[in-house]
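Working notes, structure below.
There are 2 protein chains.
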Amino acid sequence: MSTIKDVSKHSGLSLATISKYLNGGNVRDENRQRIDEAVEALGYRVNRNARSLKTNRTMTVGVVMPTLSVPFFGSVISALDQTLREAGYTSFVCSYDFDRNLELEKLRVLCNNNVDGIILAAQYVSAKELNEIRNARGSEMPMVLVDRTIPGFVCDSIVIDNLNATYGAVEQLINAGHRHIGIIVGPLDISTANERMVGYRRALQDYGIHVETGSRNSAGQHEELIQIGRYDFESGYREFNNFMDMENPPTALCVTNYDMTMGAVTAAHERNIILGKDIGFVGFDAVDLCRIVSPPLSIVEQPTHLMGQKAGEVLLKRMTGETLPHPQVIRLKSHLHNRIYKE
Amino acid sequence: MSTIKDVSKHSGLSLATISKYLNGGNVRDENRQRIDEAVEALGYRVNRNARSLKTNRTMTVGVVMPTLSVPFFGSVISALDQTLREAGYTSFVCSYDFDRNLELEKLRVLCNNNVDGIILAAQYVSAKELNEIRNARGSEMPMVLVDRTIPGFVCDSIVIDNLNATYGAVEQLINAGHRHIGIIVGPLDISTANERMVGYRRALQDYGIHVETGSRNSAGQHEELIQIGRYDFESGYREFNNFMDMENPPTALCVTNYDMTMGAVTAAHERNIILGKDIGFVGFDAVDLCRIVSPPLSIVEQPTHLMGQKAGEVLLKRMTGETLPHPQVIRLKSHLHNRIYKE
DNA sequence: GCACATGCGCGAATCGTTTCGCCTCCACTG
DNA sequence: CAGTGGAGGCGAAACGATTCGCGCATGTGC
Numbered sequence: 001m002s003t004i005k006d007v008s009k010h011s012g013l014s015l016a017t018i019s020k021y022l023n024g025g026n027v028r029d030e031n032r033q034r035i036d037e038a039v040e041a042l043g044y045r046v047n048r049n050a051r052s053l054k055t056n057r058t059m060t061v062g063v064v065m066p067t068l069s070v071p072f073f074g075s076v077i078s079a080l081d082q083t084l085r086e087a088g089y090t091s092f093v094c095s096y097d098f099d100r101n102l103e104l105e106k107l108r109v110l111c112n113n114n115v116d117g118i119i120l121a122a123q124y125v126s127a128k129e130l131n132e133i134r135n136a137r138g139s140e141m142p143m144v145l146v147d148r149t150i151p152g153f154v155c156d157s158i159v160i161d162n163l164n165a166t167y168g169a170v171e172q173l174i175n176a177g178h179r180h181i182g183i184i185v186g187p188l189d190i191s192t193a194n195e196r197m198v199g200y201r202r203a204l205q206d207y208g209i210h211v212e213t214g215s216r217n218s219a220g221q222h223e224e225l226i227q228i229g230r231y232d233f234e235s236g237y238r239e240f241n242n243f244m245d246m247e248n249p250p251t252a253l254c255v256t257n258y259d260m261t262m263g264a265v266t267a268a269h270e271r272n273i274i275l276g277k278d279i280g281f282v283g284f285d286a287v288d289l290c291r292i293v294s295p296p297l298s299i300v301e302q303p304t305h306l307m308g309q310k311a312g313e314v315l316l317k318r319m320t321g322e323t324l325p326h327p328q329v330i331r332l333k334s335h336l337h338n339r340i341y342k343e
Numbered sequence: 344m345s346t347i348k349d350v351s352k353h354s355g356l357s358l359a360t361i362s363k364y365l366n367g368g369n370v371r372d373e374n375r376q377r378i379d380e381a382v383e384a385l386g387y388r389v390n391r392n393a394r395s396l397k398t399n400r401t402m403t404v405g406v407v408m409p410t411l412s413v414p415f416f417g418s419v420i421s422a423l424d425q426t427l428r429e430a431g432y433t434s435f436v437c438s439y440d441f442d443r444n445l446e447l448e449k450l451r452v453l454c455n456n457n458v459d460g461i462i463l464a465a466q467y468v469s470a471k472e473l474n475e476i477r478n479a480r481g482s483e484m485p486m487v488l489v490d491r492t493i494p495g496f497v498c499d500s501i502v503i504d505n506l507n508a509t510y511g512a513v514e515q516l517i518n519a520g521h522r523h524i525g526i527i528v529g530p531l532d533i534s535t536a537n538e539r540m541v542g543y544r545r546a547l548q549d550y551g552i553h554v555e556t557g558s559r560n561s562a563g564q565h566e567e568l569i570q571i572g573r574y575d576f577e578s579g580y581r582e583f584n585n586f587m588d589m590e591n592p593p594t595a596l597c598v599t600n601y602d603m604t605m606g607a608v609t610a611a612h613e614r615n616i617i618l619g620k621d622i623g624f625v626g627f628d629a630v631d632l633c634r635i636v637s638p639p640l641s642i643v644e645q646p647t648h649l650m651g652q653k654a655g656e657v658l659l660k661r662m663t664g665e666t667l668p669h670p671q672v673i674r675l676k677s678h679l680h681n682r683i684y685k686e
């Protein structure tokens with residue numbers, strides 16, 4: 001592999017001159033040609049490791065996500081990547097596959113590999129650990145959280161207005177006449193899941209529906225209308241069935257992410273329950289799905305593309321050292337596709 | 344940020360000794376402790392750029408995929424990552440979003456960033472370009488193709504036995520009594536798509552069904568039973584409708600990837616055509632989906648996990664310089680979930 | 001024709017590691 | 001007790017780039 005020294009020899013110019021030219025500096029026209037020719041002849045390409053060692057910048061960004069098997073994150077990443085690429089950065093994506101240790105490991109490896117910034121959809125990692133990671137190098141690593149925030153960790157974040165998302169969904173169900181409404185949320189230690197639950201509670205409250213919901217069945221057991229799943233297919237499937245097996249099942253249901261929506265729809269299908277007709281239903285994210293099933297589903301769609309774009313923009317500002325007012329938290333509105341069932 | 348020199352000063356030992364210990368060498372017990380203590384006290388972490396500059400290895404692998412919004416690739420990546428991680432490598436994923444230029448760019452950037460190996464699901468890039476990229480550095484960059492091969496590019500590959508996948512699917516349709524069978528394939532310059540078409544043709548041939556299929560409509564136009572889509576939702580949607588609008592539409596259909604299957608199912612739904620009942624149907628990949636729709640769909644499931652794992656294993660062997668017999672092409676069997684429609 | 005500003009080119013130091021070859025020291029053997 | 005061998009430590013030279021400060025031309029204004 002040829003180095004800048006070879007280019008120097010081939011062109012008869014000094015290292016400094018070559019380097020300067022290669023980094024956008026001015027050289028005499030004659031020398032410009034000689035360098036170009038030498039580079040071409042030798043097939044020279046800069047060694048990024050050497051450059052990074054010297055400059056302390058890699059022009060790469062690490063993206064850490066809980067999984068890559070869900071369209072939601074794929075779509076965020078796509079927009080993110082495009083925004084960063086336009087500014088000359090390359091993004092490297094890692095998934096931690098919902099594994100706590102892996103999440104930490106990936107973050108550490110990225111820092112060590114000297115990315116210039118990190119985009120993170122955090123799940124298990126604590127504020128303490130994040131602070132440690134962010135300051136592992138001399139200066140503070142630029143970082144932007146997406147989709148989820150970590151309580152106690154002060155950081156730029158791009159999130160959905162989750163509260164209003166479920167508020168709107170539940171409100172719609174109430175307007176359709178429902179009073180006994182169930183919800184399947186994700187693990188409450190994920191901020192997103194928690195906020196969605198709060199939105200649900202508040203909607204009920206505002207409409208004067210008793211929130212400490214659930215009734216008691218004939219055995220006197222409390223029948224809880226807030227079920228906590230794990231954001232996966234099985235949770236949606238299982239909790240849907242649990243709801244329907246209650247003595248006094250809800251007449252409407254809100255399911256708050258993609259996989260759980262898929263699970264719930266599957267369970268409904270197996271029980272011959274027609275969503276939207278037999279019970280009220282609002283799902284999340286599965287926009288494709290709502291074109292397929294019949295009747296169409298009401299779905300909350302999240303602005304994944306915008307989210308990725310904003311995250312990229314904020315990170316870019318931080319990386320170029322632009323002084324921003326304290327951590328920015330951008331809250332994006334989701335969109336409720338409201339399909340009303342008609343006979 | 345502290346360096347190995349600081350550790351040296353703090354511990355009173357030489358650079359060479361520290362480095363040796365940090366890389367698994369033996370030092371006296373007493374020194375071991377002093378180094379550990381110094382590292383801890385200073386929060387020292389090796390600078391990977393410097394290390395890579397010296398060793399010419401990064402312990403990272405680049406993974407290049409056409410998209411991250413499809414579960415198929417997410418699942419391959421997950422298995423891949425796990426396999427590589429167990430061997431001490433970190434994988435960085437890039438998507439080229441079905442963009443030809445981006446595909447090239449991502450590959451080049453990865454090579455320049457000095458990954459130790461590359462996993463690629465190639466689409467537009469030519470054998471010539473790939474050879475160039477593979478040899479851009481002094482030695483040949485270890486590389487494994489997944490899911491797709493590039494004609495003329497000699498390389499380890501892990502692919503599906505696509506021919507038998509569609510052969511089996513079509514055979515099943517034939518056994519169910521169909522004779523006028525359509526197929527929606529992907530762009531024929533993707534090896535995978537091409538092979539799937541060949542499997543379709545061969546099945547028809549073997550069962551003595553005229554292959555240069557399609558009939559003529561009343562206007563004398565040829566009605567083609569092989570439709571070429573672009574592996575996306577819209578293609579599936581559009582081509583399904585085209586088939587159904589024919590004067591003499593096929594009585595059964597095979598759709599050969601995830602997105603197109605989704606598109607076709609959606610179109611069928613909108614036309615009130617019940618797949619499996621009104622027309623024979625076999626889709627690809629959408630395993631979740633077939634639990635949802637009614638009646639269940641017949642689906643070809645690809646062994647994504649195994650594919651990722653094998654790809655990782657082969658790449659590891661190449662990277663560690665293990666001499667393998669000439670390029671290995673591993674062909675994995677897919678699995679046909681055969682759901683027979685009963686009244 | 002002279003002094004001065006300006007634009008370019010160059011030498012050399014530096015980034016943080018690894019590694020080669022040599023040296024020291026100690027324990028063991030005969 | 002001298003000789004030997006092996007383990008572990010050390011100094012110094014890389015790896016391939018960037019960059020600081022200096023010096024040499026060339027061009028400008030008087």
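Respectively, the protein sequence lines represent chains A and B.
Under the working numbering, the first sequence has 23 at position 23, and the numbering climbs by one with no breaks.
Quick note: to get the working numbering, add 343 to the position in the second sequence (first position is 1).
Each residue gets a CB set at the ideal place from its N, CA and C atoms; glycine is no exception.
Report the option in the options whose CA atom is closest to the CA atom of residue i.
| i | options | result |
| --- | --- | --- |
| residue 517 of chain B | B:466, B:436, B:617, B:625 | B:625 |
| residue 30 of chain A | A:243, A:11, A:164 | A:11 |
| residue 598 of chain B | B:590, B:578, B:588, B:612 | B:578 |
| residue 258 of chain A | A:72, A:241, A:36, A:276 | A:72 |
| residue 120 of chain A | A:143, A:109, A:128, A:135 | A:143 |
| residue 477 of chain B | A:270, A:1, A:268 | A:1 |
| residue 164 of chain A | A:102, A:313, A:200, A:16 | A:200 |
| residue 591 of chain B | B:645, B:522, B:358, B:608 | B:522 |
| residue 449 of chain B | A:85, A:285, A:113, A:197 | A:85 |
| residue 366 of chain B | B:347, B:384, B:582 | B:347 |
| residue 197 of chain A | A:166, A:318, A:177 | A:166 |
| residue 47 of chain A | A:38, A:25, A:36, A:19 | A:19 |
| residue 470 of chain B | B:621, B:491, B:511 | B:491 |
| residue 111 of chain A | A:132, A:33, A:101 | A:132 |
| residue 645 of chain B | B:519, B:661, B:677 | B:677 |
If the criterion is Cβ atoms closer than 8 Å, does the pair residue i and residue j meet it?
| i | j | result |
| --- | --- | --- |
| residue 160 of chain A | residue 170 of chain A | no |
| residue 91 of chain A | residue 81 of chain A | yes |
| residue 658 of chain B | residue 404 of chain B | yes |
| residue 327 of chain A | residue 115 of chain A | no |
| residue 639 of chain B | residue 574 of chain B | no |
| residue 412 of chain B | residue 78 of chain A | yes |
| residue 594 of chain B | residue 623 of chain B | yes |
| residue 307 of chain A | residue 146 of chain A | yes |
| residue 412 of chain A | residue 609 of chain B | Summary: the structure shown does not reach residue 412 of chain A, with chain A confined to residues 1 through 343, and so no result is reported for it. |
| residue 410 of chain B | residue 441 of chain B | yes |
Comparing the C-beta of residue i with each C-beta of chain B, is any distance below 8 Å?
| i | result |
| --- | --- |
| residue 114 of chain A | yes |
| residue 232 of chain A | no |
| residue 337 of chain A | no |
| residue 45 of chain A | yes |
| residue 95 of chain A | yes |
| residue 67 of chain A | yes |
| residue 53 of chain A | yes |
| residue 138 of chain A | yes |
Would you say residue i reaches chain A, if we count a Cβ-Cβ gap shorter than 8 Å as a contact?
| i | result |
| --- | --- |
| residue 414 of chain B | yes |
| residue 648 of chain B | no |
| residue 627 of chain B | no |
| residue 612 of chain B | yes |
| residue 426 of chain B | no |
| residue 635 of chain B | yes |
| residue 452 of chain B | yes |
Below 8 Å on the Cβ atoms is my guess for residue i versus residue j; work out the distance and round it to an integer in Å.
| i | j | result |
| --- | --- | --- |
| residue 515 of chain B | residue 679 of chain B | 7 Å |
| residue 75 of chain A | residue 304 of chain A | 4 Å |
| residue 246 of chain A | residue 271 of chain A | Not really, about 13 Å apart at Cβ, beyond 8 Å. |
| residue 329 of chain A | residue 157 of chain A | 5 Å |
| residue 183 of chain A | residue 226 of chain A | 6 Å |
Within the stretch 236-302 of chain A, ranges of the alpha helix (DSSP H) (whole runs, at least 4 residues): Counting whole runs of 4 or more residues, the stretch 236-302 of chain A contains the alpha helix (DSSP H) stretches 258-270, 287-292.
Inside the stretch 70-116 of chain A only - alpha helix (DSSP H) runs reaching at least 4 residues: Segments of the alpha helix (DSSP H) lying fully in the stretch 70-116 of chain A: 71-86, 100-112.
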